[in-house]
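All remarks here apply to the structure that follows.
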Amino acid sequence: MSPAKTLHIIKQEDFDRLLAWLDPDPERAGLTYEKIRWRLVAILASRGCTCPEELADETIDRVARRVIDIQASYVGDQAIYFLGVMNNVHHEYLKRPMMPRLPEPDDNAETKEKTYFCLEKCLDKLSANSRRMIEQYYAENKRAKIDLRKRIAAELGIGLSTLRLRALRIRDKLQTCIEQCLEMEAF
Amino acid sequence: MAENHDPLHESGSRDFPDETIRRFLFGRLSASEQPAFEQRLFADDSLNARVRLAELELADDYAYGRLDNAERELFEEKFLVSADRRRKVKVSRVLRDRFASAPVETKTALVERLRALPGFTRPAWRFAFGVVIFILLIGTVWVVVKKEPRIKEEITKRWVRRRSPAPTSPVESNHPTNRSMPEHQTSPSPMPVHDQTSPISTAGVSVSLTPATSPDSSNMPSVNLPKGEPEVVRLQLALKPDQPGPYRVELLTGDGQSVFSTEAIKAADNGSAQIDFDVPARLLKTGNYQIRLGQDNGGVKEIVGSYYFRVQ
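Read top to bottom, the protein sequences are chains D and E.
Take the first sequence: its position 1, counting from 1, is numbered 0 in numbering that gives the first Met the number 0, and each next residue is one higher.
Take the second sequence: its position 238, counting from 1, is numbered 237 in numbering that gives the first Met the number 0, and each next residue is one higher.
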């Protein structure tokens with residue numbers, strides 16, 4: 000398969016049918032779609048693909064075009080079907096000539112400044128406790144990581160693993176918030 | 000943003016320890032582990048959630064320099080292959096720049112390394128180490144005081160420049176009020192000609208900067224470095240009223256690389272609501288720069304102001 004043949008543009012009707020197959024509720028279908036795509040990318044990256052997002056989209060594209068044939072008869076978790084199709088896409092990818100990965104351009108000063116701006120904005124949206132936890136958790140230095148976390152956990156009366164989970168969940172929300180903010184800033 | 004609890008701990012996803020998740024992200028699962036992990040990732044929302052958090056943690060570890068060389072290579076080669084992950088690293092970096100305090104790292108690292116030395120805690124080693132330090136100290140003092148007036152003068156000059164508030168007028172600069180160390184003002188030492196300058200005249204170039212929220216290229220103050228290559232460029236940072244400090248001041252390039260920083264700087268005593276930040280001129284190249292003014296607020300590092308300028 001040549002790289003050119005992998006490039007399809009998913010038709011709107013196929014995409015709508017795919018979402019309806021994933022879940023009758025459009026909002027839940029959208030979330031399921033995102034979750035499946037994220038898993039595809041994670042697995043393809045773990046398998047050593049240099050362009051996991053491209054292959055994940057190719058997988059979704061193929062599934063979307065097949066839904067019309069399988070939706071009446073398919074039984075089971077739809078997500079697993081994606082895994083099977085992804086294996087085929089990955090198999091074809093391995094036969095392609097390996098393309099060198101191009102270095103990613105560094106962010107320019109303006110983009111960085113926007114990211115800092117969005118961080119401040121998103122920090123302001125956190126509750127006081129969450130903000131304090133993030134400030135303490137991320138104040139650490141690479142050598143002082145364990146000591147600092149032990150101190151924070153002791154102050155909060157929680158274990159280290161609970162502290163880690165709480166901090167990372169807040170970090171996850173910050174990530175989402177900052178990405179949304181940057182999208183808004185781009186317009 | 001609300002923070003909800005989800006029962007990651009009660010989940011069966013604990014069949015895969017965190018170490019396995021990390022190896023999955025590095026593309027280092029064995030041929031037998033990989034399919035089982037993939038199947039589970041698709042079927043188990045809690046494992047999915049743990050992998051997402053592990054991605055964030057790995058991005059943080061990378062940005063904070065906690066990965067060893069091998070992990071770092073794996074990270075760049077195997078992990079950093081999607082736009083989503085690159086965005087995570089970007090946020091990790093701004094979190095690091097916003098909250099982390101680099102100088103503490105150096106001190107802690109030194110103490111930890113010393114503690115890790117074999118037998119360092121034994122009394123005999125401690126005594127020997129103390130004797131070595133004492134001899135070095137005595138030797139250094141002897142060299143400075145008796146043998147090298149030039150070194151003495153240089154140290155004095157730097158001390159004055161760092162500790163005393165900056166003179167604000169040429170008169171003050173030539174007649175400093177610091178009476179405790181007048182030698183270098185009254186008795187010139189036999190140093191080479193290019194070193195025979197007072198602290199403020201070594202600054203050579205100074206520029207006043209006011210806080211800004213973002214770099215405005217059309218209105219950015221600029222510094223022209225003269226051909227004589229001054230030793231120091233003095234950046235006078237305007238402060239908001241009633242902010243005596245102390246401050247941590249950091250100079251960064253336009254693309255966010257840290258160039259130089261100074262701790263514990265205080266506002267000038269003359270009530271001018273500014274601090275003087277002396278930067279070695281050799282560190283400055285043509286381009287845009289940012290200065291971040293930070294303050295320790297009850298143990299939390301806060302950025303209280305940003306300044307921008309251009310070197311031409």
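Heads up, the beta-carbon is just placed ideally off N, CA and C, and yes, glycines get one too.
Small disclaimer: the values here were computed from a predicted structure and weren't measured.
Would you mind stating whether residue i and residue j have Cβ atoms separated by less than 8 Å?
i	j	result
R21 of chain E	A53 of chain E	yes
I290 of chain E	V222 of chain E	no
G312 of chain E	Q294 of chain E	Only positions 0 to 311 of chain E appear in this structure, which leaves residue 312 of chain E out of reach.
F25 of chain E	Y137 of chain D	no
L162 of chain D	L173 of chain D	no
L43 of chain D	K113 of chain D	no
A237 of chain E	S207 of chain E	yes
C176 of chain D	K111 of chain D	no
F23 of chain E	F36 of chain E	yes
A62 of chain E	R95 of chain E	yes
T58 of chain D	M97 of chain D	no
L54 of chain D	H90 of chain D	no
V232 of chain E	L292 of chain E	no
L167 of chain D	L55 of chain E	yes
D254 of chain E	A108 of chain D	yes
I312 of chain E	A266 of chain E	The question about residue 312 of chain E has no answer, for chain E in this structure spans 0 to 311.
I157 of chain D	I133 of chain D	no
So residue i is in the beta strand (DSSP E); what residue range does that whole segment cover?
i	result
V231 of chain E	V231 to A237
I274 of chain E	Q273 to P279
R309 of chain E	V299 to V310
E249 of chain E	Y246 to T252
I need the DSSP call for residue i, collapsed to helix, strand or coil.
i	result
Q294 of chain E	strand
T261 of chain E	strand
Y288 of chain E	strand
V144 of chain E	helix
Q11 of chain D	helix
V74 of chain D	coil
S31 of chain E	coil
S45 of chain E	helix
T58 of chain D	helix
T209 of chain E	coil
R38 of chain D	helix
Cα-Cα, which of the options is closest to residue i?
i	options	result
S271 of chain E	E:K300, E:Q311, E:V50 and E:Q235	E:Q235
S45 of chain D	E:P16, E:L66, E:S81 and E:A42	E:S81
Q179 of chain D	D:K120, D:S129 and D:E154	D:K120
N287 of chain E	E:A266, E:V231, E:D277 and E:S213	E:S213
I69 of chain D	D:R36, D:L17, D:L30 and D:L125	D:L17
I264 of chain E	E:D277, E:Y307, E:R71 and E:E75	E:D277
R165 of chain D	D:G83, D:E33, D:S129 and D:Y73	D:S129
I35 of chain D	D:E12, D:T49, D:G47 and D:A63	D:A63
Y204 of chain D	D:T49, D:G47 and D:D60	Outside the modelled stretch of chain D, which goes from 0 to 186, sits residue 204 of chain D, for which no answer is possible.
Q242 of chain E	E:S257, E:G129, E:V303 and E:L250	E:V303
A211 of chain E	E:T285, E:V204, E:L66 and E:K239	E:K239
G47 of chain D	E:F78, E:A48 and E:L250	E:F78
P23 of chain D	D:R38, D:D171 and D:Q77	D:Q77
Between which two residues does the alpha helix (DSSP H) holding residue i run?
i	result
I169 of chain D	L159 to A185
R84 of chain E	A82 to F98
I133 of chain D	A127 to Y136
T19 of chain E	D17 to L24
C50 of chain D	That residue, C50 of chain D, is in no alpha helix (DSSP H); it is neither H nor E in DSSP.
R71 of chain E	N68 to L73
N108 of chain D	Rather than Asn, the amino acid found at residue 108 of chain D in this sequence is Ala. First-last of the alpha helix (DSSP H) with A108 of chain D: A108 to K124.
What in chain C is Cβ-close to residue i, meaning under 8 Å?
i	result
R51 of chain E	Among the protein chains of the structure shown, namely D and E, there is no chain C.
Give me the DSSP bridge partner(s) of residue i.
i	result
V204 of chain E	E:V232
V222 of chain E	E:V310
Hey, is residue i close to the ligand PLP, as in C-beta under 7 Å from one of its heavy atoms?
i	result
A44 of chain D	The ligand content of the structure shown is nil, which means the ligand PLP is not present either.
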